[in-house]
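These protein sequence lines are chains W and A, in that order. Here the first sequence is numbered in our numbering, starting from 1 and rising by one per residue. Here the second sequence is numbered in our numbering, starting from 537 and rising by one per residue. For reference, the structure discussed in these notes is given below.
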Amino acid sequence: MKRLLAVVACALALAATGCAPKAEKADASAPKVFRFSYVSDIPTLDPQMANSMPSGTIAIHIFDGLTRMDNGVVAPGIAESWTVSSDGLVYTLKLRDAKWSDGQPIKAQDFEYGIRRLMDPAAASPYSFLGLLLKNAEAVNSGKLPVDRLGVKALDDKTVEIQLAYPADYFLGMLSMSQFCATRADLVAQYGKDFAATPEKNVYDGPFMVERWAREDRLILVKNPNYWNASAIKLDEIDILIVPDENTALAMYDAGDLDLVRVPPAFVEKYRDRAIFYFDGSNDFIKLNMATKGPLSNKDFRLAINYAVDRQDFVDITTKGLYEANPRYVLPQVAGVAAEYGAEYPYAGFGTKADPAKAKEHLAAAMSALKIVDPSKIELEFLTTDTDRSRAQAEIIQDQLQKTLGIKINVRQVPYRQRLDMEAKKTFEMVFSGWAPDYSDPMTYLELWTSDSPYNHGSYKSAKYDEYIAFARKTTDKRARMDAMFNAEKELLSDGAIMPMQLRRESVLINPAFTGVTTYFIGSNYDLVYVDRAAK
Amino acid sequence: MGRYIAKRIVISLATLFVLVTVVFALVRLMPGDPFSSEKITPQIRQNLERYYGFDKPILQQYVIYIGQLAKGDLGYSMKYANATVNDIIAKAFPYSADLGLRALAIAVSVGLTLGIVSALNRKKPIDAVCVVVAMIGTSIPDFIMGYVLQYFFGIRWGLLPIAQYKGFAYTVLPSIGLGFYTLALVSRLMRSSMLEVVQQDYIKTAMAKGASRFRIVWKHMIRNAILPIVTILGPITASVLTGTFVIESIFAIPGMGKFYVTSVQSLDYTLVLGMTVFFGAFLVSANFIVDILYGIIDPRIRVSRR
Chain W
1 MKRLLAVVAC ALALAATGCA PKAEKADASA PKVFRFSYVS DIPTLDPQMA NSMPSGTIAI
61 HIFDGLTRMD NGVVAPGIAE SWTVSSDGLV YTLKLRDAKW SDGQPIKAQD FEYGIRRLMD
121 PAAASPYSFL GLLLKNAEAV NSGKLPVDRL GVKALDDKTV EIQLAYPADY FLGMLSMSQF
181 CATRADLVAQ YGKDFAATPE KNVYDGPFMV ERWAREDRLI LVKNPNYWNA SAIKLDEIDI
241 LIVPDENTAL AMYDAGDLDL VRVPPAFVEK YRDRAIFYFD GSNDFIKLNM ATKGPLSNKD
301 FRLAINYAVD RQDFVDITTK GLYEANPRYV LPQVAGVAAE YGAEYPYAGF GTKADPAKAK
361 EHLAAAMSAL KIVDPSKIEL EFLTTDTDRS RAQAEIIQDQ LQKTLGIKIN VRQVPYRQRL
421 DMEAKKTFEM VFSGWAPDYS DPMTYLELWT SDSPYNHGSY KSAKYDEYIA FARKTTDKRA
481 RMDAMFNAEK ELLSDGAIMP MQLRRESVLI NPAFTGVTTY FIGSNYDLVY VDRAAK
Chain A
537 MGRYIAKRIV ISLATLFVLV TVVFALVRLM PGDPFSSEKI TPQIRQNLER YYGFDKPILQ
597 QYVIYIGQLA KGDLGYSMKY ANATVNDIIA KAFPYSADLG LRALAIAVSV GLTLGIVSAL
657 NRKKPIDAVC VVVAMIGTSI PDFIMGYVLQ YFFGIRWGLL PIAQYKGFAY TVLPSIGLGF
717 YTLALVSRLM RSSMLEVVQQ DYIKTAMAKG ASRFRIVWKH MIRNAILPIV TILGPITASV
777 LTGTFVIESI FAIPGMGKFY VTSVQSLDYT LVLGMTVFFG AFLVSANFIV DILYGIIDPR
837 IRVSRR
């Protein structure tokens, strides 16, 4: 027994001395490596198939769009200049001399192919709805027209012409997203379904290129010497480590093994003075199914529950105030005419605090219209995901509504995918849901609720709302367009069509030895393109 | 023996076939589907279903799947677009196998030693120590064990790396964390089995014959007492080698467990099926090997099976 213990002790000691973590020296000539973590692997590095924040984040580092978003501002990318027709429908973009990581020139045809691939039904991009604003996009995506009828064309090797179905100022920003990036037809033909499955099965035209990808383990990006603006890129390498447990990731940051880490809400207090806070664009709200036979078809009832819920208490209890109570629908951070929409059009459809008097007033009106005498006879099913967090959230809302209105709320928890399925099939009454923006414009939220929208799961129908949106899609007058969208937002909330709840504020820790890390809220969350080691 | 092995192989294959069929059906019965997302439209869903061949009748899909499976092709994952299930397993399994073998080696060697030492020193202090160790091992869940090891050896004392899997030092904590439960199980089982054997008449006979203590313990006691351990070794090996999600999560190891859980959560039909088939094949072969081992260790079984 003694001998055995000795052997075990020796083995442990050996292991300890052999590979104990060493303190890293930061001398000026050492390669500049930036390391951060995700809880789960990047689902895909295929530019047109990207369908998540992590994929979008990696994509802006390894691909360069016709444009590039630099801290929320549209900057030139592979396109060095562009013109937009006066009706806002035709974009003509001039490409600079730039090369792929394998040395081949980047041609307008590569963009034509990439954008066609996004809408090609045979390629089956899960994110193809992003391109539905292109001319003929819907017909192409449903196979009614061949892909070459899509509104994108290489006029010559260096000129791309894109035609839209309706004017959209935000389109230049969308062009920075990987779904609209250049893609090499020869490589897709060569690798077929395996395209972009491993680093060598694609080429890169962004600031970095993929060096190594071990699934659910690590993704290593290195500087792309062929990038057209390579002299502006200071980092030599970006390591993305997959660490499923957020507590472990935090411990790794503290031990110096990571340079950027997300702080889970439970730890925010501990790191409050060192953390950086940003809105990641996620906007949570409750969808109300107006096509049901129950009370939700009644506008007064929908307003009653909207006034009865206390959004401030909700975020204080569930996230210790990390998330922000949201009294409106459109994410305030999206672009308005000249500044942020929220600053140009301040508005609160409901208070962040509950208004029990108004709630009861609307409930009384609803009950007399529905011929109900006893509010406790009103029963609603509140659908949510089967996590502990969702349960806690649902119980708070249940408690607030039951106490203020005296109605009965039954919480039903189902797996995430089933919840989504039930939303799409409209087999729910109330569901805790949300939306992340796809482009910086109020329309990214407002397009959900037109009568013909595939995302209108609550069956909201308002001729006025549809009219505002139709006008905003037609006009080229920026102010009039924005006013129309603001009117639509007010219309939606005065009809109580949804219950806005919260905006997600994330907190991250960033190694102070680096400068230039920026966060964003559309398509990607971290931008490390211009990161450098801080001067001592 | 040859006929016996042939029979076992046929039964194993039949078991696998039933498993594939049942899982194929069950996976499709789960509510929701792999394409559900906040932003999917009916048109995009239709395009995706065609891309993955889900627009065909379910029986035809089953026949296609079995045909591919017979060729060893597990298909493309949906969650990890463009990646094949074969490739995912080929990359993830070595991590789980490496970790599992280390954990198993620790568990079996230390577990057996503790069990034997404790049985031979019954009711002495050393027995009490071994019993306490076994009790701790069986009663503490692996996620607590993982965090405790990580906290003290990794974070507090900085002796070993906190996470990742990049060399020997990185393997120590997860191997112990993963193997501790099995270690405790083996030691308890071995102890009770030894105590039972000690009572047997043939031990008394051996003693009366004047055989040496080493010979009695080694040849008569351990060889007989070890049989129950061999029995549980099959399933234990399979489960430890194919990964446990918790330990892999805590120590950020890209093994099978992580992929298995993710595939179920995201309803990645092909990945769930592929991993289940792989896990099933592993379990079936582990049991098969244990059956053969049984015959080698215990002559009585060999004879009765002829």
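The beta carbon of each residue, even a glycine, is placed where N, CA and C say it ideally should be.
According to DSSP, what are the bridge partners of residue i?
| i | result |
| --- | --- |
| V33(W) | E237(W) |
| Y612(A) | T620(A) |
| Q686(A) | Paired residue(s): none; Q686(A) is not in a bridge. |
| N410(W) | E381(W) |
| E269(W) | Paired residue(s): none; E269(W) is not in a bridge. |
| V210(W) | L221(W) |
| P500(W) | F285(W) |
| G568(A) | Partner(s): none; G568(A) has no beta bridge. |
| I242(W) | Y38(W) |
| W435(W) | N283(W) |
Determine the chain A residues that contact residue i at a beta-carbon separation under 9 Å, and present them in chain order.
| i | result |
| --- | --- |
| W435(W) | E574, K575 |
| F314(W) | Within 9 Å Cβ-Cβ: nothing; F314(W) doesn't reach chain A, min ~21 Å. |
| A357(W) | Within 9 Å Cβ-Cβ: nothing; A357(W) doesn't reach chain A, min ~35 Å. |
Determine the chain A residues that contact residue i at a beta-carbon separation under 8 Å, and present them in chain order.
| i | result |
| --- | --- |
| T515(W) | Ordered by position in chain A, no residue passes the 8 Å Cβ test against T515(W), which lies about 26 Å from the chain. |
| D148(W) | Within 8 Å Cβ-Cβ: nothing; D148(W) doesn't reach chain A, min ~18 Å. |
| T44(W) | Y616, A617, N618 |
If you draw a straight line from the C-alpha of residue i to the C-alpha of residue j, how long is it?
| i | j | result |
| --- | --- | --- |
| L172(W) | G810(A) | 43 Å |
| I62(W) | I396(W) | 43 Å |
| Y526(W) | Y598(A) | 42 Å |
| Y460(W) | T577(A) | 17 Å |
| K25(W) | K32(W) | Confidence at K25(W) is low in this model, with a pLDDT of 47, below 50, so its placement is unreliable and the value that follows should be read with caution. Approximately 12 Å between the Cα atoms of the pair. |
| P21(W) | R35(W) | Note on P21(W): pLDDT 39, under 50, position unreliable in the model; the coordinate value appears next. The straight-line gap from Cα to Cα measures roughly 16 Å. |
| Y631(A) | S376(W) | 57 Å |
| S572(A) | K615(A) | 11 Å |
| A23(W) | I624(A) | The predicted position of A23(W) is uncertain, since its pLDDT is 42 and thus under 50; a value taken from the coordinates is nonetheless stated next. Distance between the alpha carbons of A23(W) and I624(A): 34 Å. |
| G18(W) | F688(A) | Residue placement at G18(W) is flagged as unreliable, the pLDDT there being 37, under the threshold of 50; a coordinate-derived value is accordingly withheld. |
| V334(W) | E491(W) | 19 Å |
| V766(A) | V826(A) | 7 Å |
| I828(A) | V722(A) | 20 Å |
| K353(W) | S433(W) | 21 Å |
| L605(A) | L595(A) | 15 Å |
| K702(A) | I58(W) | 23 Å |
Could you name the residues of chain A that residue i contacts, counting a contact when the two beta carbons are closer than 7 Å?
| i | result |
| --- | --- |
| S217(W) | Correcting the residue identity first, residue 217(W) is Asp in this sequence and not Ser. Correct list: P790. |
| D194(W) | N618 |
| Q418(W) | P567, G568 |
| F129(W) | K575, T577, I580 |
Starting from residue i, find everything on chain W with Cβ-Cβ shorter than 9 Å and list it in chain order.
| i | result |
| --- | --- |
| T806(A) | The premise fails here: T806(A) is roughly 12 Å from chain W at the closest Cβ pair, so nothing lies under 9 Å. |
| A699(A) | L241, V243, D245, T248, A249, A251, M252, D257 |
| S627(A) | A quick correction: the sequence has Lys, not Ser, at residue 627(A). Within chain W, the residues near K627(A) are A214, R215, E216, D217. |
Using a C-beta to C-beta distance shorter than 8 Å, which residues of chain W count as neighbours of residue i?
| i | result |
| --- | --- |
| F815(A) | Those do not exist, as F815(A) stays about 17 Å from chain W at its closest Cβ, beyond 8 Å. |
| F571(A) | P126 |
| I691(A) | A251, D254, A255 |
List the whole-angstrom C-beta distance separating residue i from residue j, where the pair is believed to meet the contact cut-off of C-beta under 8 Å.
| i | j | result |
| --- | --- | --- |
| A628(A) | G816(A) | That pair is no contact at about 16 Å. |
| R505(W) | F279(W) | 6 Å |
| T67(W) | V74(W) | 5 Å |
| V646(A) | L562(A) | The pair is not a contact, with the Cβ atoms about 38 Å apart (cut-off 8 Å). |
| N289(W) | E447(W) | Wrong, their Cβ atoms sit about 19 Å apart, outside the cutoff. |
| A369(W) | D300(W) | 7 Å |
| L89(W) | L164(W) | 5 Å |
Whose Cβ in chain W lies nearer than 7 Å to the Cβ of residue i?
| i | result |
| --- | --- |
| K794(A) | E216, P244 |
| N760(A) | The premise fails here: N760(A) is roughly 23 Å from chain W at the closest Cβ pair, so nothing lies under 7 Å. |
| I534(A) | Missing from the structure shown is residue 534(A); chain A here goes from 537 to 842 and no further. |
| L610(A) | Correct list: empty, because the minimum Cβ distance to chain W is about 14 Å. |
Using only the heavy atoms of the ligand GTP, determine whether one of them is closer than 7 Å to the beta carbon of residue i.
| i | result |
| --- | --- |
| R412(W) | As presented, the structure is devoid of all ligands, the ligand GTP included, so that no description of it is given. |
> Are the stretch 348 to 356 of chain W and the stretch 282 to 297 of chain W in contact at 8 Å, needing three or more beta carbon pairs?
Replying inline: no
> Would you call the stretch 439 to 453 of chain W and the stretch 583 to 591 of chain A in contact, with 3 or more CB pairs under 8 Å?
Replying inline: With contact defined as three or more Cβ pairs closer than 8 Å, the stretch 439 to 453 of chain W and the stretch 583 to 591 of chain A are not in contact.
>> Pairs of beta-carbons, one from the stretch 204 to 215 of chain W and one from the stretch 223 to 233 of chain W, closer than 8 Å: are there three or more?
In response: yes
> Are there three or more Cβ pairs, one per stretch, closer than 8 Å when the stretch 34 to 46 of chain W is compared with the stretch 191 to 205 of chain W?
Replying inline: yes
> Counting Cβ pairs closer than 8 Å, one from the stretch 298 to 316 of chain W and one from the stretch 507 to 527 of chain W, do we hit at least three?
Replying inline: no
>> Taking contact to mean 3 or more Cβ pairs, one atom from each stretch, closer than 8 Å, check whether the stretch 494 to 510 of chain W and the stretch 257 to 271 of chain W are in contact.
In response: Counting Cβ pairs under 8 Å, three or more are found: they touch.
> On the three-pair Cβ rule with 8 Å, is the stretch 702 to 711 of chain A touching the stretch 632 to 644 of chain A?
Replying inline: Contact holds: three or more Cβ-Cβ distances are below 8 Å.
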